[in-house]
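Q:
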Amino acid sequence: MFPALRGALTTAVYPLQQLVSSPIRFGHDLADNLASRTELIGENERLKEEQLMLKTKLLKFSAMEQENIRLRGLLETSFKVGEHALIAELMSVTLGNYEHIITVNKGSRFGIEIEQPVMDANGIVGQVLRVTPFSADVILISDPSHAIPVQVNRNGVRTVAIGSGQLDKLILPQVTSNTDIKPGDLLVSSGLGGIFPHGYPVATVTSVSPQDDPSGKATAKPLAQLDRIREVLMVWSNSTPIPRMPGQINANADFVGPPAPPHE
Amino acid sequence: MSKSSTTITVIMGSLAIAMALRIVPWPREWLIANPDWVLLFLIYWNMALPDRFGVASAWSTGILTDALTGRMLGQHALAYTLVAYMCLRLHRQLRLSPLFQQSLMVLLFHLLCQVLVFWTQNIKSGNAAAAQYWLPSLIGALLWPGIFLTLRWLRRTFNIA
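Listed in order, the protein sequences are those of chains Y and S.
Residue numbering for the first sequence follows our numbering, starting at 1 and increasing by one per position.
Residue numbering for the second sequence follows our numbering, starting at 265 and increasing by one per position.
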């Protein structure tokens with residue numbers, strides 16, 4: 001409703017949000033600055049090791065990606081790879097007590113759009129709900145009004161994960177008693193719906209209700225650390241849902257990413 | 265600075281502080297009890313300066329609060345407008361009553377505001393509110409004497425009448 005009016009009003013209150021957020025951020029930065037030398041050396045060591053491991057994994061991954069594209073080319077399915085991401089910082093403000101919405105410091109100036117997926121290093125965080133030139137509101141996957149299409153990584157069973165209102169819990173209401181799903185299963189985004197790209201980790205299944213309960217429900221725990229994220233990745237995914245008519249493939253072929261964000 | 269511009273600056277400044285208090289990221293346990301500071305400050309200005317700060321000002325403040333807290337535009341505007349109207353009707357009695365009676369009235373106003381926001385929020389889904397949803401009203405009423413005395417001191421310091 002009235003997006004232009006809302007945009008103007010939100011921009012008007014943006015300085016206030018900055019005002020509240022900046023002392024808290026300053027405190028965090030100060031704590032970072034005062035970290036001791038030994039701590040920093042230790043952290044550096046750890047990060048180097050982690051980077052080495054990740055690089056090794058990535059080598060294998062890029063070979064597999066090429067293979068995947070080639071195989072899909074043989075099948076003539078539309079498949080677009082390549083995502084483009086931008087790091088945004090959380091602003092330390094709370095909007096509602098009962099909604100899981102966070103504000104980040106990158107807005108439409110950086111090409112952020114509504115419904116854009118947002119991630120952290122561990123998994124999907126949520127999607128963009130509102131944008132202003134300077135900031136964007138992100139609805140978390142744990143918000144009760146949010147649902148994300150997922151599939152079980154082990155066997156490809158598709159379902160939907162709905163937010164529960166608790167930061168560490170998602171509900172899978174469409175799981176029936178004969179669905180092959182068990183605690184510990186990794187749920188990845190299925191790419192249906194066209195908002196979230198396919199194959200990103202979302203949550204791990206924590207409990208499945210017993211066999212004799214016909215309206216079997218399962219719960220899952222989000223992998224993204226929703227309660228302690230300070231930085232998120234705003235992702236532009238170039239994947240579009242696979243069109244049914246072959247002619248439509250070319251219609252989407254000229255999809256390009258957002259304009260390259262300006263340097264800060 | 266002329267007298268009326270001082271008045272406007274002080275009122276706007278105090279409302280800006282109230283809005284900031286509204287969005288400060290308190291720990292989660294405190295957050296559910298965080299009262300609607302904007303409404304409390306609004307009640308004071310309505311009561312103290314009914315001819316300067318009326319229903320229209322309350323509506324504008326409400327629209328800004330909606331944008332600030334990411335609600336549907338008009339939710340707080342509606343609630344604040346109604347509360348402001350009631351304050352204007354009752355401002356003579358309110359001014360004369362002792363602080364604890366004022367606190368009781370503030371409790372009622374705050375509850376009314378919460379009910380309106382809750383209805384407009386859940387008009388589609390019909391959620392039920394947990395008991396702790398009403399905690400901000402109680403805290404707001406308990407904080408009222410402090411807010412009243414602070415704002416009265418502010419008003420007298422800047423000689424606004």
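Note that the Cβ used here is the ideal one computed from N, Cα and C, for glycine as well.
Residues of chain S with CB closer than 7 Å to the CB of Y:SER92, please, in chain order.
A: Under the 7 Å cutoff, chain S gives PRO289.
Q: Beta strand (DSSP E) containing Y:LEU172: first to last residue?
A: Run containing Y:LEU172: 170–172, per the beta strand (DSSP E) assignment.
Q: Since S:TRP398 is in the alpha helix (DSSP H), which residue starts that stretch and which ends it?
A: Careful: S:TRP398 lies outside any alpha helix (DSSP H) and carries neither H nor E.
Q: Give the straight-line distance between the Cα atoms of Y:ILE162 and S:ALA331, rounded to the nearest whole angstrom.
A: Answer to the nearest angstrom: the Cα atoms are 26 Å apart.
Q: Could you spell out the range, first to last residue, of the alpha helix (DSSP H) harbouring Y:GLU99?
A: Note, Y:GLU99: premise wrong, no alpha helix (DSSP H); not H, not E.
Q: Counting only Cβ pairs nearer than 8 Å, list the residues of chain S close to Y:ALA12.
A: Simply LEU328 and ALA331.
Q: Considering Cα atoms alone, identify which of Y:SER92, Y:GLU113 and Y:PHE196 is closest to Y:VAL104.
A: Nearest option by C-alpha distance: Y:SER92.
Q: Fully enclosed by the stretch 299–351 of chain S, which beta strand (DSSP E) runs are 3 residues long or longer?
A: Runs found: none.
Q: Just grab the DSSP bridge partners of Y:ASP137 for me.
A: Looking at the DSSP assignment, Y:ASP137 forms a beta bridge with Y:THR103 and Y:ARG130.
Q: Taking only the alpha-carbon atoms, compute the straight-line gap between S:SER266 and S:MET369 and give it to the nearest angstrom.
A: Going from the Cα of S:SER266 to the Cα of S:MET369 covers about 34 Å.
Q: Alpha carbon to alpha carbon, how far is Y:ALA35 from Y:ASN44?
A: Taking the straight line joining both Cα atoms gives about 13 Å.
Q: With a cut-off of 8 Å, does the C-beta of S:GLY318 fall near any C-beta of chain Y?
A: By this cut-off, S:GLY318 is not an interface position.
Q: List the residues of chain Y whose Cβ lies closer than 8 Å to the Cβ of S:LEU406, in chain order.
A: Ordered by position in chain Y, no residue passes the 8 Å Cβ test against S:LEU406, which lies about 18 Å from the chain.
Q: Hey, how far is the Cα of S:LEU360 from the Cα of S:GLY318?
A: If you take the alpha carbons of S:LEU360 and S:GLY318, they lie about 19 Å apart.
Q: Please report how far the alpha carbon of S:ALA425 lies from the alpha carbon of S:VAL274, in whole angstroms.
A: Roughly 12 Å between the two C-alpha positions.
Q: Using only the alpha-carbon positions, how far apart do Y:VAL118 and Y:LEU233 sit?
A: The alpha-carbon atoms of Y:VAL118 and Y:LEU233 are separated by roughly 6 Å.
Q: Is DSSP giving Y:VAL20 helix, strand or coil here?
A: Reduced to three states, the DSSP call for Y:VAL20 is helix.
Q: Hey, out of S:THR333, S:ALA312, S:GLY338 and S:PRO314, whose CA is closest to S:SER324's CA?
A: Selected option, being the one with the closest Cα: S:GLY338.
Q: Looking at chain Y, is there any beta carbon in it that lies within less than 8 Å of the beta carbon of S:MET283?
A: Yes - at least one Cβ of chain Y is within 8 Å of the one on S:MET283.
Q: Counting only the same chain and skipping the five closest in sequence on each side, list residues whose C-beta sits under 8 Å from that of Y:ASN122.
A: Closer than 8 Å at Cβ, skipping near neighbours: PRO201, LEU223, ALA224 and GLN225.
Q: Specify whether the stretch 188–199 of chain Y and the stretch 146–161 of chain Y touch according to this definition: at least 3 beta carbon pairs, one from each stretch, less than 8 Å apart.
A: With the cut-off at 8 Å, the stretch 188–199 of chain Y and the stretch 146–161 of chain Y touch.
Q: Look at the Cβ atom of Y:VAL160, then the Cβ atom of Y:PRO149, and state whether they are nearer than 8 Å.
A: Yes, the pair counts as a contact, with Cβ atoms nearer than the cut-off.
Q: Roughly how many angstroms lie between the CA atoms of Y:ILE124 and Y:LYS57, to the nearest whole one?
A: Straight-line Cα distance between these residues: approximately 20 Å.
Q: What residues in its chain sit with their C-beta under 6 Å from that of Y:ASP227, if we drop five residues either side in the sequence?
A: Excluding positions up to five away in sequence, the list reads LEU167.
Q: Can you round the beta-carbon distance between Y:THR219 and Y:LEU170 to whole angstroms, since I take them to be within the 8 Å contact cut?
A: That pair is a contact at about 7 Å.
Q: Which stretch, first to last residue, makes up the beta strand (DSSP E) that contains Y:GLY163?
A: Looking at the DSSP string, the run of the beta strand (DSSP E) that includes Y:GLY163 is 158–163.
Q: Bridge partners for Y:VAL188 per DSSP, in chain order?
A: The partner list for Y:VAL188 (beta bridge, DSSP) reads Y:GLN151 and Y:PRO201.
Q: Would S:LEU306 and S:TRP408 be called neighbours here (beta carbons separated by less than 8 Å)?
A: Against a cut-off of 8 Å, the Cβ pair of S:TRP408 and S:LEU306 comes out as no contact.
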